[in-house]
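*Asks:* Remember, the numbering used here sits 12 above the position in the sequence shown when you count from 1. Shown below is the structure under consideration.
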Amino acid sequence: MSDNEAKISQSLKEKTKPKNFKKNPIKGTKFTIMISSAKGGVGKSTFAINLAFAFKKLGKKVGLLDADIYGPSLPKMIGLNEKPKTDGKLLFPLEKYGAQFMSLGFLVDDKTPMIWRGPMVISAIKTLTEKVAWKDLDFLIIDMPPGTGDTQLTFAQDVKIDGAIIVSTPQELALADVRRGIQMFDKTKINIVGLVDNMSFFKSDDGKKYNIFGEGGVEKTAKEFNKKFLGNIPISTKLRESADLGLPLTYKEPENEISQIFGKIADEIKQGVV
Ligand SMILES: Nc1ncnc2c1ncn2[C@@H]1O[C@H](COP(=O)(O)OP(=O)(O)O)[C@@H](O)[C@H]1O
Ligand SMILES: [Mg+2]
Numbered sequence: 013m014s015d016n017e018a019k020i021s022q023s024l025k026e027k028t029k030p031k032n033f034k035k036n037p038i039k040g041t042k043f044t045i046m047i048s049s050a051k052g053g054v055g056k057s058t059f060a061i062n063l064a065f066a067f068k069k070l071g072k073k074v075g076l077l078d079a080d081i082y083g084p085s086l087p088k089m090i091g092l093n094e095k096p097k098t099d100g101k102l103l104f105p106l107e108k109y110g111a112q113f114m115s116l117g118f119l120v121d122d123k124t125p126m127i128w129r130g131p132m133v134i135s136a137i138k139t140l141t142e143k144v145a146w147k148d149l150d151f152l153i154i155d156m157p158p159g160t161g162d163t164q165l166t167f168a169q170d171v172k173i174d175g176a177i178i179v180s181t182p183q184e185l186a187l188a189d190v191r192r193g194i195q196m197f198d199k200t201k202i203n204i205v206g207l208v209d210n211m212s213f214f215k216s217d218d219g220k221k222y223n224i225f226g227e228g229g230v231e232k233t234a235k236e237f238n239k240k241f242l243g244n245i246p247i248s249t250k251l252r253e254s255a256d257l258g259l260p261l262t263y264k265e266p267e268n269e270i271s272q273i274f275g276k277i278a279d280e281i282k283q284g285v286v
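Dropping the structure here:
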């Protein structure tokens with residue numbers, strides 16, 4: 013290749029380089045992982061908090077940022093109802109069970125409905141991504157609001173994300189949105205670490221398996237887009253109860269069958285991000 017050709021090829025490379033390097037990294041963490049879903053109610057928050065403690069079991073320092081500004085569920089899921097301290101500039105995350113937490117739900121009382129207008133959304137997100145003093149984290153997990161609207165796009169474009177996980181239930185209705193989610197991440201040049209199938213099946217006491225929302229839908233969608241499939245999480249009363257009680261299953265019963273599924277997924281995510 014001549015000098016000139018080399019220059020042109022270099023300049024083309026520069027032009028097509030992902031814009032990632034312009035994004036702001038969240039301070040106080042080595043890696044930032046986004047948990048997203050195209051739909052609400054598919055178990056994204058449940059997944060995020062149990063993943064956090066699965067990472068902790070791998071010996072990692074973790075934080076969880078509840079970025080679902082419309083319906084923050086972290087205060088309930090971790091059983092925390094205190095106001096974070098501030099030095100006037102930064103907010104200090106709350107700590108429990110050896111992990112760090114931040115949610116707008118800590119800052120407003122839970123009877124106030126979250127009604128946001130466009131500019132307020134951006135300022136709330138800026139507060140959560142720029143003004144929280146995370147302390148020496150290996151992984152920060154962000155529990156995103158559902159969908160692929162302006163909030164998600166703002167987030168995806170402005171914040172440096174090391175990996176995104178898409179959580180979905182396997183029914184066709186949810187999968188249509190998963191496809192949109194994948195396209196949004198690909199467009200914003202965010203590394204999709206993989207897809208998770210939540211509420212995959214229900215196993216009754218006699219061991220019979222029921223595929224309530226259909227079977228294999230998320231895995232098929234992952235294949236379709238050449239993304240990694242990270243695993244199936246069954247419908248579990250324990251998982252639901254532990255979230256309601258503020259005592260995440262992976263923390264409370266790290267050896268439980270479902271906690272072990274989370275452990276395997278955490279390990280795969282670690283390998284896909286680090
Ligand atoms: N695998 C599961 N088995 C049983 N219940 C689940 C499971 N995943 C989530 N849930 C329950 O479903 C509801 C919605 O989950 P949540 O994590 O809040 O969803 P999202 O954050 O996507 O809106 C919650 O009551 C939660 O406890
Ligand atoms: Mg949620």
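Just so you know, even glycine gets a beta-carbon here, dropped at the ideal spot from N, CA and C.
Around the C-beta of T200, are 16 or more other C-beta atoms found within 10 angstroms, so that it is buried, or is it exposed?
*Replies:* It counts as buried.
*Asks:* Assuming Q112 and K69 make a contact with CB atoms under 8 Å, what is their CB distance in whole Å?
*Replies:* The pair is not a contact, with the Cβ atoms about 16 Å apart (cut-off 8 Å).
*Asks:* To the nearest angstrom, how far is the alpha carbon of N210 from that of A186?
*Replies:* Approximately 11 Å, taken between the alpha carbons.
*Asks:* Bridge partners of D162, per DSSP?
*Replies:* Beta-bridge pairing links D162 to no other residue.
*Asks:* In three-state DSSP terms, what is M114?
*Replies:* Residue state, collapsed to three classes: strand.
*Asks:* Excluding the 5 residues preceding and the 5 following F145 in the sequence, name in chain order all residues of the same chain whose CB lies nearer than 6 Å to its CB.
*Replies:* Note that residue 145 is Ala in the sequence shown here, rather than Phe. Same-chain partners within the cutoff: L102, F104.
*Asks:* Indicate whether V190 and L242 have their beta-carbon atoms separated by less than 8 Å.
*Replies:* Not closer than 8 Å, so no.
*Asks:* Under 7 Å from any heavy atom of ligand 2, by CB: list those residues in chain order, please.
*Replies:* Going along the chain, the residues that qualify are G52, K56, S57, D80, G83, S85, D155.
*Asks:* Please report how far the alpha carbon of S216 lies from the alpha carbon of Y222, in whole angstroms.
*Replies:* Approximately 8 Å, taken between the alpha carbons.
*Asks:* What first and last residue would you give for the alpha helix (DSSP H) that runs through E269?
*Replies:* Taken as a continuous stretch (DSSP letters only), the alpha helix (DSSP H) holding E269 covers 269-285.
*Asks:* For E265, which option in Y109, I281, G100, K235 has the closest C-alpha, if you only look at C-alpha atoms?
*Replies:* Cα-wise, what sits closest to E265 is Y109.
*Asks:* Tell me the rounded alpha-carbon separation between L251 and L92.
*Replies:* Approximately 18 Å, taken between the alpha carbons.
*Asks:* Run through DSSP, which three-state label would T141 get?
*Replies:* Correct three-state label for T141: helix.
*Asks:* What number of angstroms, rounded off, separates the C-alpha of F67 from the C-alpha of T160?
*Replies:* Answer to the nearest angstrom: the Cα atoms are 27 Å apart.
*Asks:* Which one or two residues does DSSP pair with E107 in a beta bridge?
*Replies:* Q112.
*Asks:* Let me check you understand the geometry: is the CB of A111 closer than 7 Å to at least one non-hydrogen atom of ligand 1?
*Replies:* Checking the Cβ of A111 against ligand 1 gives no.
*Asks:* With distances taken between CB atoms, is the gap from V74 to A60 smaller than 8 Å?
*Replies:* No, Cβ-Cβ distance for V74 and A60 is not below 8 Å.
*Asks:* Under the DSSP definition of a beta bridge, which residues are partnered with L77?
*Replies:* Bridge partners of L77: M114, I154.
*Asks:* Assign I61 to one of three DSSP states: helix, strand, or coil.
*Replies:* Three-state result, I61: helix.
*Asks:* Could you tell me whether the region 222-240 touches the region 168-188, where touching means 3 or more Cβ pairs closer than 8 Å?
*Replies:* Yes, since at least three Cβ pairs between the region 222-240 and the region 168-188 fall closer than 8 Å, the two stretches touch.
*Asks:* Tell me whether G46 sits in a helix, a strand or coil according to DSSP, three-state version.
*Replies:* The sequence as given places Met at residue 46; Gly does not occur at that position. M46: strand per DSSP, three-state reduction.
*Asks:* On a Cα-Cα basis, can you pick out the residue from S48, K95, V133 that is closest to R154?
*Replies:* It is Ile, not Arg, that sits at residue 154 in the sequence shown. Of the candidates S48, K95, V133, the one whose C-alpha sits nearest the C-alpha of I154 is S48.
*Asks:* Do T44 and A255 come within 8 Å of each other at the CB atom, strictly closer than that value?
*Replies:* Cβ atoms of A255 and T44: not closer than 8 Å.
*Asks:* Quick one: is the Cβ of A255 within less than 7 Å of any heavy atom of ligand 1?
*Replies:* Yes, since a heavy atom of ligand 1 falls inside the 7 Å radius drawn around the Cβ of A255.
*Asks:* Just grab the DSSP bridge partners of D209 for me.
*Replies:* In the DSSP output, where bridge partners are listed per residue, D209 has S180, N244.
*Asks:* Can you say whether A168 is buried or exposed, counting buried as having 16 or more other CB atoms within 10 angstroms of its CB?
*Replies:* Result: buried.
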